[in-house]
Each structure stands twice: as structure tokens, then as C-alpha cells.
Amino acid sequence: MTAAFEAFHLTGSTPEEMAELLSEPPRLGRQIFTWIHRKRVFNCSAMTDLPLQLRNRLNAQETLFALKVIEKKQSKQNGTCKLLLECGDGELIESVLLRHKDRLTFCLSSQAGCALNCSFCATGQSGFRRSLSAAEMVEQALHLACAGNLQSNSTPNLVYMGMGEPFQNYDAVMKSIALLMNPLGMGIGARKITISTAGDIPGIDRLAEEPRQLRLSVSLHAAHDDLRSALVPLNKKYPLQDLHDALQRYQNRRGRQITIEWTLLENTNDSPEEALRLVSFLKGLDAVVNVIPWNPVSGLPFTPSPQKRQDRFMSVLEHAGITATLRQERGGDIDAACGQLRMRRNRSFREKS
244 MTAAFEAFHL
254 TGSTPEEMAE
264 LLSEPPRLGR
274 QIFTWIHRKR
284 VFNCSAMTDL
294 PLQLRNRLNA
304 QETLFALKVI
314 EKKQSKQNGT
324 CKLLLECGDG
334 ELIESVLLRH
344 KDRLTFCLSS
354 QAGCALNCSF
364 CATGQSGFRR
374 SLSAAEMVEQ
384 ALHLACAGNL
394 QSNSTPNLVY
404 MGMGEPFQNY
414 DAVMKSIALL
424 MNPLGMGIGA
434 RKITISTAGD
444 IPGIDRLAEE
454 PRQLRLSVSL
464 HAAHDDLRSA
474 LVPLNKKYPL
484 QDLHDALQRY
494 QNRRGRQITI
504 EWTLLENTND
514 SPEEALRLVS
524 FLKGLDAVVN
534 VIPWNPVSGL
544 PFTPSPQKRQ
554 DRFMSVLEHA
564 GITATLRQER
574 GGDIDAACGQ
584 LRMRRNRSFR
594 EKS
């Protein structure tokens, strides 16, 4: 076997790449791809339409798959499911399945940890380790599909909104999207896929040139520079006016609506004055606002915004004609906020050692 074959993960390869790396006919690459991506079969012995010799050859390899599920937590409140997954090098990442009345949403991580160090986010507290491969992102979706009993003829919504800044791992994210859109596999439509950024302007500009009709979400959280720089340090590099200009360029090029994410923190960004600043920022943009109650993170100096303050914030947006939704709290009983489960697991390991 070649070194290239020994190192590659099946889930990060197109059908054509599989066939080439395995030195097999293209039809066998397509069959393997369908077994894994559509049927979610990870045991090569069960791929019964493959030649026995090829099945044995695949089973002899230990690196065909990138991730291992080491913990699964499901909310008793609403069925939200969180997976803690281990990479081949021991890094831990998280993925979340959100259940809605008529659909499932998969929230994927793009990095192990995060370099942005947003002050209210659990992921940033444990630092940045590395970017994930396309295979590691694809396998998150496959494991979530298994956890959610997703039928082979159904497709979920997909959001790159977990650990990490997707635009700082741009090429691998785009490859994972191409694999998850492949009709031989999950066949997710581009308009069901959202990339969330903390405001990485080069990434926004690159996305504007993509041929696929992907959705863009921006984690804003504050609409004046002093506060946003304190909450989202990336703002020091890409301040709000530059970000606004980039979003206008994106919309001029794509004609697509943008989602603005705003996590409410009591007495920090949940006042009517902050809501009015958000209204001002949105001038000239076609955007909707997703207002998110904060999931508490141990050790951070914030508290969730109480219901009255949430309602008052929403009222200001509505009176200004802004389309806004207040996200239902999900997964508070399972550490569903980004990075919490990983942080708790790492802390427990350090205490034991």
C-alpha cells in the first residue's frame, strides 16, 4: 500500500479520489462513497457489493475514519443532542444536533479550539489547537445523522457554527461542503448550508465569489467598536465600519440575505440603546437578526439576559422594522454551548492527572 493510502481518510475523499487512491475502477469509488455518506455504514465488511478482497484490504487499515464518538448527551427538554468526538491525535471536538418540528440542524466545528478568544465563549477559553480536516468535518455530520436517525431520503440544515472560525480554515470547510452536497451521499442543498463568521473580512470576500449559493451568518454581538472589541477581539483587526462595507460588497455580489447573530448578555449588550445601535448598523443591509439567550459558562463574568430585558430588546428591533427571532433555549442541561463539554472533559482529565 502507498503512504498516501495509509494516511487518507475515506470520508475526506470524493468518489474519484477514493478510486484513484485505492487503484480501483471509478464505480467502486462511487459505491464506497454511497455506503459511507448515504447509508452511514462504517464497517467495510458490511459493504456487501464490494469485492471481498477490497473489503479485507480496507478493514486492514486503521486510519480510514477520522473520529470516534466518546460521549453523547441528549437533552430531556427538547431532544438536542451533543457529541464529544476524539480525533486521531487525541484532540476533542464537539458537534450538536438541534431538533425542530419539521427538520434537523447539524452544528459542526471547523477547528479544535479557537484563536479568536471571544470573551463569552467556552471554546476560546481553552485556546486554539489546530484546524480540522475536511474528513473530520464530514464525519461530524455523519455521526449526527446516525444520532438523529436521519433517513437516507432526508437532508438536514447544516451550520458551521461550532468550535472555531470557519474562514480561518476556508479550503477544508469548502471541501467538506462539496462532499456533503454530493448527490451520491447526503446531497445537502447549498441553501441549507450556513457559514458563521465572527467577522473575518477576507473570508467574507472569498465567499462572495463562491459559485454555490451558501448562506452567511455573522456573529456580531455588539454594534459599537469598544464593546465589540471587548467581546470579539477580532473586531480590533476588522472594525465595524470595515465589516459593514464587506457585507455590502457580499450582498452586491450575491444578492443574498445575511443573518446577524446576537448573544444577549445581561447589562452588557441587552439594553434598548444597544438594540438601537444594532438597528443603525443594519442600515443598507438586507439582514435578519437571530437573538440568542446565552448559555452560562463556568468561570466567565456574564449572566444570561432575563426575559424582561430580552423582550425589551426584541421590541426595539420590531418597532424599527427589523425581522428578528428570539432563539428558544436549547441544551442548557447538557452543556450545549459551544466548547463546554470539551472544556469540562479537559478539566476533569487535568484534575485526575
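FYI, the working numbering numbers position 165 of the sequence shown as 408, with every residue one higher than the one before it. Cβ coordinates follow ideal geometry from the N, Cα and C atoms, glycine included.
Taking 8 Å as the limit between beta carbons, can you name the residues of its chain near E263, skipping five residues before and five after?
Here residue 263 corresponds to residue number 20 of the sequence shown, with the count starting at 1. G272, listed in sequence order.
Comparing C-alpha positions only, which one of I420, D485, V475 and A384 sits nearest to T506?
Sequence index remark: in the sequence shown, residue 506 carries index 263 (1-based). It is V475.
Are there 16 or more other CB atoms within 10 angstroms of the CB of K319, so buried, or fewer, so exposed?
Residue numbering aside, residue 319 sits at position 76 when the sequence shown is read from its first letter. Looking at its Cβ environment, which holds fewer than 16 other Cβ atoms inside 10 Å, K319 is exposed.
Run through DSSP, which three-state label would W505 get?
Residue numbering aside, residue 505 sits at position 262 when the sequence shown is read from its first letter. Note: W505 maps to strand in three-state DSSP.
Among the residues of its own chain, which have a CB less than 7 Å from the CB of L569, if the five just before and after it don't count?
Locating residue 569 in the sequence shown gives position 326, counting from the first residue. For L569, where only same-chain residues beyond five positions count, the Cβ hits under 7 Å are V534, Q553 and M557.
Are the stretch 481-494 and the stretch 363-373 touching, with three or more C-beta to C-beta distances below 8 Å?
The stretch 481-494, when compared against the stretch 363-373, does not touch it at the 8 Å Cβ threshold.
Would you list the one or two residues that DSSP bridges to T204?
Examination of residue 204 is not possible in this model, given that the chain is present from 244 through 596 alone.
Measuring only the C-alpha atoms, how far is H343 from L387?
In the sequence shown, residue 343 corresponds to position 100, counting from 1. In the sequence shown, residue 387 corresponds to position 144, counting from 1. Near 15 Å, if we compare the C-alpha coordinates of L387 and H343.
Please name the residue, chosen from L508, G564 and A384, that lies closest to L528 on a Cα-to-Cα basis.
Mapped onto the sequence shown, residue 528 falls at position 285. Checking every option, the nearest Cα to that of L528 belongs to G564.
Would the stretch 485-504 and the stretch 436-454 be scored as touching if the rule is three or more Cβ pairs under 8 Å?
Yes, the stretch 485-504 is in contact with the stretch 436-454.
Where does L427 fall in DSSP's three states?
Stepping through the sequence shown from its first residue, residue 427 is reached at position 184. In this structure, L427 counts as coil in the three-state DSSP scheme.
I'd like to confirm the pairing. Which residues does DSSP put opposite V339 in its beta bridges?
Counted from its first residue, the sequence shown places residue 339 at position 96. Beta-bridge pairing links V339 to K325 and C350.
When DSSP labels each residue in this structure, what does C357 get in the three-state scheme?
Walking along the sequence shown from the start, residue 357 turns up at place 114. Residue state, collapsed to three classes: coil.
Hey, how far is the Cα of T245 from the Cα of D292?
Numbered from its first residue, the sequence shown carries residue 245 at position 2. Numbered from its first residue, the sequence shown carries residue 292 at position 49. With a pLDDT of only 36 at T245, under the threshold of 50, the placement of this residue in the model should not be trusted; the figure read from the coordinates follows. Approximately 24 Å between the Cα atoms of the pair.
Determine the burial state of D345: buried for a count of at least 16 other Cβ atoms within 10 Å of its Cβ, exposed for fewer.
Working through the sequence shown from its first residue, we reach residue 345 at position 102. With fewer than 16 other Cβ atoms within 10 Å, it is exposed.
I'd like the list of long-range same chain contacts for D468, defined as Cβ closer than 8 Å, with 5 residues on each side in sequence excluded.
Your numbering for residue 468 matches position 225 in the sequence shown. So the list reads N478, P482 and L483, once near-sequence residues are dropped.
Taking the alpha carbon of G333 as the point to measure from, which residue in M424, L310, V339 and L340 has its own alpha carbon closest?
Translated into the one-based positions of the sequence shown, residue 333 becomes position 90. The shortest C-alpha separation from G333 is found at L310.
Would you mind listing the alpha helix (DSSP H) stretches within the stretch 468-508 that are 4+ residues and don't spill past its ends, in chain order?
Whole alpha helix (DSSP H) segments, 4+ residues: 468-474 and 483-497.
In chain order, which beta strand (DSSP E) runs of at least 3 residues are fully inside the stretch 380-442?
Here the runs fully enclosed are 400-403 and 436-440.
Just mark R372 as buried or exposed, buried being the case when its beta carbon has 16 or more other beta carbons within 10 Å.
Along the sequence shown, one-based indexing puts residue 372 at 129. R372 is buried by the Cβ-count criterion.
If you follow the alpha helix (DSSP H) that F276 is part of, which residue opens it and which one closes it?
Position 33 of the sequence shown, counted from the first residue, corresponds to residue 276. First-last of the alpha helix (DSSP H) with F276: P269 to H280.
In terms of alpha-carbon separation, which member of P547, Y403 and Q494 lies closest to A451?
Position 208 of the sequence shown, counted from the start, is the residue given in the question as residue 451. Closest by alpha carbon: Q494.
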